[in-house]
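Using the numbering used here, read the sequence shown as starting at 80 and increasing by one per residue.
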Amino acid sequence: MAYTNFTIETDTDGIALVTWDMPGKSMNVFTAEVMDELNAIIDATVADAAIKGVVFTSGKSSFSGGADLSMIKSMFSFYQDEKAKEPAGAAQKLFDLVGRMTGLFRKLETCGKPWVSAINGTCMGGAFELSLACHGRVASSAKSVKIALPEVKVGIFPGAGGTQRVSRLTDAQSALQMMTTGQSLTAVRAKAMNLVHQVVEPDQLIPAAKQMIKDGLKPVAPWDEKGFKAPGGGIWTPASAQLWPAAPAILRRETSGNYPAALAILKCVYEGLQVPFDTGLKIEQRYFTQVLQTTEAYSMIRSLFISLQELGKGARRPAGQPKTVLKKVGVVGAGFMGASIAYVTAAAGIPVTLIDRDTEAAEKGKSVGEGLVKDAVGKGRLTYEDGAALLSRITPSADYADLRDADLVIEAVFEDREVKKAVIEAVEAVLPAGAVFASNTSTLPISGLAKNSKRPADFIGVHFFSPVEKMMLTEVILGKETGDRALAVALDYVAAIKKTPIVVNDTRGFFVNRCVFRYIHEAYDMLIEGVPATMIENAAKMAGMPVGPLALNDEVAIDLSLKILKATVADLGEKAVDPRHMQLVSGLVEGEGRLGRKSAKGFYDYPPKPAKKSLWPGLKDLYPQKKADEIDVTVLKQRFLATIALEAARTMEEGIVTDPREADVGSILGFGFAPYTGGALSYIDGMGVKAFVSLCETLAKTYGAHFAPTALLKDMAAKGETFYGRFDPYGVKAAA
Ligand code: NAD
Numbered sequence: 080m081a082y083t084n085f086t087i088e089t090d091t092d093g094i095a096l097v098t099w100d101m102p103g104k105s106m107n108v109f110t111a112e113v114m115d116e117l118n119a120i121i122d123a124t125v126a127d128a129a130i131k132g133v134v135f136t137s138g139k140s141s142f143s144g145g146a147d148l149s150m151i152k153s154m155f156s157f158y159q160d161e162k163a164k165e166p167a168g169a170a171q172k173l174f175d176l177v178g179r180m181t182g183l184f185r186k187l188e189t190c191g192k193p194w195v196s197a198i199n200g201t202c203m204g205g206a207f208e209l210s211l212a213c214h215g216r217v218a219s220s221a222k223s224v225k226i227a228l229p230e231v232k233v234g235i236f237p238g239a240g241g242t243q244r245v246s247r248l249t250d251a252q253s254a255l256q257m258m259t260t261g262q263s264l265t266a267v268r269a270k271a272m273n274l275v276h277q278v279v280e281p282d283q284l285i286p287a288a289k290q291m292i293k294d295g296l297k298p299v300a301p302w303d304e305k306g307f308k309a310p311g312g313g314i315w316t317p318a319s320a321q322l323w324p325a326a327p328a329i330l331r332r333e334t335s336g337n338y339p340a341a342l343a344i345l346k347c348v349y350e351g352l353q354v355p356f357d358t359g360l361k362i363e364q365r366y367f368t369q370v371l372q373t374t375e376a377y378s379m380i381r382s383l384f385i386s387l388q389e390l391g392k393g394a395r396r397p398a399g400q401p402k403t404v405l406k407k408v409g410v411v412g413a414g415f416m417g418a419s420i421a422y423v424t425a426a427a428g429i430p431v432t433l434i435d436r437d438t439e440a441a442e443k444g445k446s447v448g449e450g451l452v453k454d455a456v457g458k459g460r461l462t463y464e465d466g467a468a469l470l471s472r473i474t475p476s477a478d479y480a481d482l483r484d485a486d487l488v489i490e491a492v493f494e495d496r497e498v499k500k501a502v503i504e505a506v507e508a509v510l511p512a513g514a515v516f517a518s519n520t521s522t523l524p525i526s527g528l529a530k531n532s533k534r535p536a537d538f539i540g541v542h543f544f545s546p547v548e549k550m551m552l553t554e555v556i557l558g559k560e561t562g563d564r565a566l567a568v569a570l571d572y573v574a575a576i577k578k579t580p581i582v583v584n585d586t587r588g589f590f591v592n593r594c595v596f597r598y599i600h601e602a603y604d605m606l607i608e609g610v611p612a613t614m615i616e617n618a619a620k621m622a623g624m625p626v627g628p629l630a631l632n633d634e635v636a637i638d639l640s641l642k643i644l645k646a647t648v649a650d651l652g653e654k655a656v657d658p659r660h661m662q663l664v665s666g667l668v669e670g671e672g673r674l675g676r677k678s679a680k681g682f683y684d685y686p687p688k689p690a691k692k693s694l695w696p697g698l699k700d701l702y703p704q705k706k707a708d709e710i711d712v713t714v715l716k717q718r719f720l721a722t723i724a725l726e727a728a729r730t731m732e733e734g735i736v737t738d739p740r741e742a743d744v745g746s747i748l749g750f751g752f753a754p755y756t757g758g759a760l761s762y763i764d765g766m767g768v769k770a771f772v773s774l775c776e777t778l779a780k781t782y783g784a785h786f787a788p789t790a791l792l793k794d795m796a797a798k799g800e801t802f803y804g805r806f807d808p809y810g811v812k813a814a815a
């Protein structure tokens, strides 16, 4: 029989090599069709007496990314549809549906013939669960091999036997660590954890896998053998008595109870290890069915998988523009940002000319790249040769004429209109026709800067975040006159450096900084009210934010906050800022010399390492302090998320952001907006716009008019709309 996604070759020893190679896809993923074919392959290999065993591998450079999450997403609509038809039976139908993969893998495991998974590259999620159901697992020693059960990162968990098999192969603590963090394992680490049997040179992978079968591999999983005991002896042992009472507390410390899937992993392992394997699978299936009904799972899959991919693949790229393969990029300004922008560009294989006021400054910028390369080589993430090749692509210079053959120039000079004007003119004097000029400004509107340009259609903003080499988001800002070609070139560039773009219309603070400063300003309000700084920071983390607002303000620099407040007053008048904020910030900067982390003094004190930062005790003396029991932490959490979400809603209302996917993905990648919500707008959609409006009205009564719901929100609440329904990114009014 011919299969679409698999080929089968049986050798003279009777070993069938099943190769998974989906046509037209760069990576193998589980779809309904793949599962049908795998089911048929199991039947066919069992029925064929000439076949002694099966080696399962991939025809791609990676093994597989696991389940197609669009398929998982469709389970949500399946459940909603079923619930509408027959509420009582919907959960049972979802239970049966999610059990399909579990059943298929169990069938493989108990088919009576030995299967060996030959893991040749990245092996994630469902693909590793399939491998775990095989009787043998051999992994290539190639660096590209990464093994993980990363489902928790998108709000679900390994639901095709993963929680049961991993916890029966390795100790419970390592199993929990692996699955609740979604961490990637090297092949060697996976072997040390007893999750693979052998690690071999890449060219020995298939021979070694076949040899396992020839050596008489038993087609029986350890847990199907009589007398099987889980590593460490299961739940009722002294070692487990150390682990299990603490486990929920540790999880709570790490997740603040915001991630239902992480808790479900704990329950699956704890309950599953006390029962026979098949019952354990049922327990897992039951919790998976529950998790699939949560708003968190739905929103996380949508934003952190589907939207992220769509934006990365150019969802906002204008139609009809040919793809630009950048032959050379210029970066002007080799300072903090420019040096790193040059590095990430060269890392993507693109030659860069790095310009500063003199050669020495340009070379200093290149030395930042040298430091990053040294670090990467030291950590084994880059070979010495690749590092040298990367650096050879960065040419420092003080001569603008070296930009005459650049396709794109990114400006990262001082945040000063006059300095930028001079640079724009100097660059345009040599830039070839059709090349694009991008500014990395963080506060100056692009349309204003473009007034200095003779070719405003080729002028655009490409706003990076620090540290550039780590932050995955880039804001692409359209000036009033920016043309489609400039947008296409900017998006092609962002795709080349493997970052995710969001396309934003020009406004003060663009999208990310507008939201970030709302977060920080809410913390200023709380400080002024007398909320202890520790409570402010902890409440933000409990709400799901990765960094407290005061720590974040220290990172971005408090003097920058002061500069922005002053610029806002200068441009928009006194009323545009809260005078109490101005007083707080200028007091810290000008009165106390506390500029943030860079001066080792901000909201925190930063003693020399290894001592850790701690909140500045003087904060207590700035405002009369409230007692902890006078403060409702739930309200503090709500205030942080609501003020950011409201700002995100305002950017939609003003047409600054036009696609909810961008607000959601931008808020998570840009400043870590509570990922379990799926992003700032999904947070609103998740609770329902009506509930959000009512929450804002309540908050506005006590905490200020900035919480007042906007006209758009009230209208949406009245009509029962969602952001994904009203601003449907797919142009169909179906998705809600
Ligand atoms: P920086 O002071 O570290 O670097 C600026 C560099 O520009 C310096 O090396 C300086 O010598 C050079 N320069 C100044 N005038 C020049 C000229 N006429 N020709 C060539 N080079 C010149 O500043 P930075 O923090 O890297 O910021 C640069 C830009 O990036 C600013 O517009 C800033 O708003 C923006 N930005 C900064 C951050 C951040 O976190 N620092 C984040 C996003 C965007």
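In this text, a Cβ means the ideal position worked out from N, Cα and C, and glycines have one as well.
Give a yes or no on whether the C-beta atoms belonging to residue i and residue j are separated by under 9 Å.
i             : j              : result
leucine 510   : threonine 520  : no
serine 419    : glutamate 548  : yes
threonine 86  : valine 97      : yes
valine 573    : threonine 586  : no
serine 143    : threonine 201  : yes
alanine 251   : tryptophan 302 : no
threonine 613 : leucine 748    : no
glutamine 262 : proline 229    : yes
Measure the alpha-carbon distance for residue i versus residue j and round it to whole angstroms.
i                 : j              : result
aspartate 807     : proline 739    : 8 Å
aspartate 571     : glutamate 601  : 37 Å
alanine 814       : serine 319     : Only weak support is given to the placement of alanine 814: the predicted model assigns it a pLDDT of 40, under 50, and the value that follows is read from those uncertain coordinates. About 46 Å.
lysine 152        : glutamate 208  : 19 Å
alanine 81        : aspartate 115  : 13 Å
aspartate 537     : proline 687    : 47 Å
glutamine 256     : lysine 232     : 13 Å
leucine 461       : glycine 783    : 51 Å
lysine 705        : methionine 766 : 30 Å
threonine 136     : methionine 272 : 21 Å
tyrosine 809      : glycine 799    : 19 Å
phenylalanine 596 : threonine 722  : 10 Å
asparagine 531    : alanine 636    : 29 Å
tyrosine 479      : valine 568     : 21 Å
isoleucine 94     : glutamate 112  : 24 Å
valine 50         : lysine 164     : Not covered by the structure: residue 50. The range shown for the chain is 80 to 815.
Looking only at its chain, what residues have a beta carbon closer than 6 Å to the beta carbon of residue i, apart from the 5 residues adjacent to it on each side?
i             : result
lysine 812    : Because lysine 812 carries a pLDDT of 41, less than 50, the predicted location of this residue cannot be relied on, and the following value inherits that uncertainty. Result list for lysine 812: empty, nothing under 6 Å.
serine 518    : Glu490, Leu528, Gly540
proline 535   : Ala529, Glu560
valine 498    : Val492
threonine 374 : Gly765
Please determine whether the Cβ atom of residue i lies at a distance below 8 Å from any heavy atom of the ligand NAD.
i                 : result
aspartate 435     : yes
alanine 491       : yes
glutamate 494     : yes
lysine 578        : no
threonine 561     : no
methionine 605    : no
alanine 421       : no
leucine 531       : Contrary to the premise, residue 531 reads as asparagine rather than leucine in this sequence. No, the Cβ of asparagine 531 stays beyond 8 Å of every heavy atom of the ligand NAD.
asparagine 519    : yes
histidine 785     : no
glycine 522       : According to the sequence as given, residue 522 is threonine; it is not glycine. Under cutoff, so the answer is yes.
phenylalanine 750 : no
Tell me which same chain residues have a C-beta within less than 8 Å of the C-beta of residue i, skipping the five on either side of it?
i           : result
alanine 425 : Val431, Gly448, Leu469, Leu470, Arg472, Ile473
valine 488  : Val408, Gly409, Val410, Val411, Leu482, Val506, Leu510, Ala514, Val515, Phe516, Ala517
Hey, would you say the C-beta of residue i is under 8 Å away from at least one heavy atom of the ligand FAD?
i           : result
alanine 501 : No copy of the ligand FAD appears in this structure; the ligands present are the ligand NAD.
Excluding sequence positions up to five away, which residues of its chain have a Cβ less than 7 Å from the Cβ of residue i?
i           : result
glycine 609 : Tyr702, Pro703, Gln704, Lys705
Continuous beta strand (DSSP E) assignments of at least 3 residues falling wholly in the region 418-480:
431-434, 473-476
Counting only runs of 4+ residues fully inside the region 107-185, write out the alpha helix (DSSP H) ranges in chain order.
111-126, 148-164
At 4 residues or longer, and completely inside the region 569-632: list those alpha helix (DSSP H) runs for me, N to C.
591-608, 612-621
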